[in-house]
Every structure is written in C-alpha cells, then in structure tokens.
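Heads up: the sequence shown begins at 9 in this note's numbering, then just goes up one per residue.
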Amino acid sequence: MTESLMRSSMRSSLALSPALVLLAALAASPPLQAQESTTRGFNVGAHISGQSLTPQDGDRSNTGGLGIILGYGFNRNFELFLQFDGGQFDVANAAVEGDWTMVHGDLGVRYHFANSLRTWVPYVQAAFTGRDVSVTNGRVHQDTQSEDITLSGTAITLGGGILFYFNETLAADLQLALSGGRFTDIKVGTVTSNNADLDAQSTRFNVGVSWWP
Numbered sequence: 009m010t011e012s013l014m015r016s017s018m019r020s021s022l023a024l025s026p027a028l029v030l031l032a033a034l035a036a037s038p039p040l041q042a043q044e045s046t047t048r049g050f051n052v053g054a055h056i057s058g059q060s061l062t063p064q065d066g067d068r069s070n071t072g073g074l075g076i077i078l079g080y081g082f083n084r085n086f087e088l089f090l091q092f093d094g095g096q097f098d099v100a101n102a103a104v105e106g107d108w109t110m111v112h113g114d115l116g117v118r119y120h121f122a123n124s125l126r127t128w129v130p131y132v133q134a135a136f137t138g139r140d141v142s143v144t145n146g147r148v149h150q151d152t153q154s155e156d157i158t159l160s161g162t163a164i165t166l167g168g169g170i171l172f173y174f175n176e177t178l179a180a181d182l183q184l185a186l187s188g189g190r191f192t193d194i195k196v197g198t199v200t201s202n203n204a205d206l207d208a209q210s211t212r213f214n215v216g217v218s219w220w221p
C-alpha cells in the first residue's frame, strides 16, 4: 500500500510540474507595454503660427497667424499631408510695399521617427508650396499711387518638428517650416503680368494639436 501511495504521489508531482513551470515563466516575463502613440491613418490638426517674411530687396517682417493640417499616415513612418497657413504682414522697404496677407498651401511628405512605445515622436518633412498674396494699398517700386495688388508663385518648403502625446491619438505639435521661392504672377489694379520675378523667403513656427480619430 505504501508503494501505491508513493506511485500516486509521483504521478501527481509529474502532472503538476508543467503547470508550475508555466506559472514561473509567466511570473518572470516582463509586463506588456501599452501603445503610447500612433502616426498611422488619418489625422487633423490646428495651430497658431509665428511667421516671418523677407521679400526681395526688403526687410524681414514678423506676424502671427493660424493654420490647419490634414494628413494620412500610410505606415508609422510615412505621411502625406496638406497644410494651410495664413498671416498678415506690414511690409516696408521692398519692391512691393503695403499690407501683405499671405497664404501658404503645402502638399508634402513627412517622415516620423516613430516608436509606438514613446510619448514623443520627432519628424522631418518636405513640401511643394503655393503662396498667394493680397497687398492692400500696395505700391510698386515706391510709386506714390496705391493699388490693390495680388501676387502668386511657388516655393519649396523644408522643415521638421516634434509631437508630444497626451494619449495614443492626441498630441501637441511643434513645427518649424522654411520656404524659399518666387512670386511669378502679379496683378496691379486691373493689369495682370505673368512675368514677375520677386524672390521671397518665409519662416513659420507653429504650435498646435494633432488628432488621429
């Protein structure tokens, strides 16, 4: 009978051994980390914007503005985005003087240095930019007669920024964008010219929020 009890005890011990090994392995495993950030799929953002503008032969002017961004992340690294920013400048000592209201429209690609386990994600971006300007009471080459002037042209924009996540889908967005290009079309009053050649550089520092619904 004693031998029977010993055999039964050994069988019970052998049966319990795999379960004990599994429990020990689970106890030793590190806990799974929750995802802290995402850059995939659709996102929308809004921001306030500190802007500067340096037109050809002119001084740099600074102002504030507003902007929005729409994007789609194909994966955690690459995103296609469309961004609009606007601001108003009082430009003096330039080929075209007056109150400039300028809009940037960017179509670009962004690369995120993404890690879903981090609450911060830096990025770089490049864009083809359309710039459109309306000048109220503008003067061309210091002409004493004031006219409403419209200028348009293209630029190349390079920039970057960093996202700080409040939760997985909502982040503060700090961004710097540098644009260089030319205004090639100009309308003075009722007269339009497609042969303008006015260089202008602009800088935007944007602070806002981005959301991935």
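Using N, Cα and C, we set each Cβ at its ideal position, and we do this for glycine too. In this text the structure is predicted, and so the values were computed from the model without any measurement.
Short of 8 Å in beta carbon distance, which residues of its chain neighbour residue i, apart from the five on each side in sequence? Order them along the chain.
| i | result |
| --- | --- |
| D140 | M110, V111, G113, T158, L159, S160 |
| G72 | I56, S57, G58, Q59, G95 |
Taking buried to mean at least 16 other C-beta atoms within 10 Å of its own C-beta, is residue i buried or exposed?
| i | result |
| --- | --- |
| D93 | buried |
| Y80 | exposed |
| N214 | buried |
| L171 | buried |
| S201 | exposed |
| R126 | exposed |
| R212 | buried |
With distances taken from CA atoms, which of the options is nearest residue i?
| i | options | result |
| --- | --- | --- |
| Y119 | R126, W128, A134 | A134 |
| I194 | F97, S142, D181 | S142 |
| N175 | N202, D156, N203, S218 | S218 |
| V104 | T47, E155, T211, T165 | E155 |
| T192 | Q64, S60, G58 | Q64 |
| F50 | D207, D205, T177, G95 | T177 |
DSSP has residue i in a bridge; who is on the other side?
| i | result |
| --- | --- |
| W219 | V52, L178 |
| A163 | T137, G189 |
| G81 | G49, E87 |
| R118 | E87, Q133 |
| Q96 | T109 |
| S124 | In the DSSP output, where bridge partners are listed per residue, S124 has none listed. |
So, for residue i: in the same chain, excluding its five sequence neighbours on each side, which residues have a beta-carbon less than 6 Å away from its beta-carbon?
| i | result |
| --- | --- |
| G216 | G53, A54, H55, D181 |
| Q209 | T62, G188 |
| G197 | E155 |
| L13 | Only weak support is given to the placement of L13: the predicted model assigns it a pLDDT of 46, under 50, and the value that follows is read from those uncertain coordinates. Result list for L13: empty, nothing under 6 Å. |
| I76 | A54, F92 |
| T165 | D114, A135, T137, A185, S187 |
Can you name, in chain order, every residue of its own chain whose Cβ lies under 7 Å from the Cβ of residue i, other than the five neighbours on each side?
| i | result |
| --- | --- |
| R48 | G81, N83, R84 |
| D107 | Q96, D98, V143, T144, N145 |
**Q.** Any 3 or more C-beta pairs closer than 8 Å across the stretch 82-91 and the stretch 116-130
**A.** Judged by Cβ distances under 8 Å, the stretch 82-91 makes contact with the stretch 116-130, as three or more pairs qualify.
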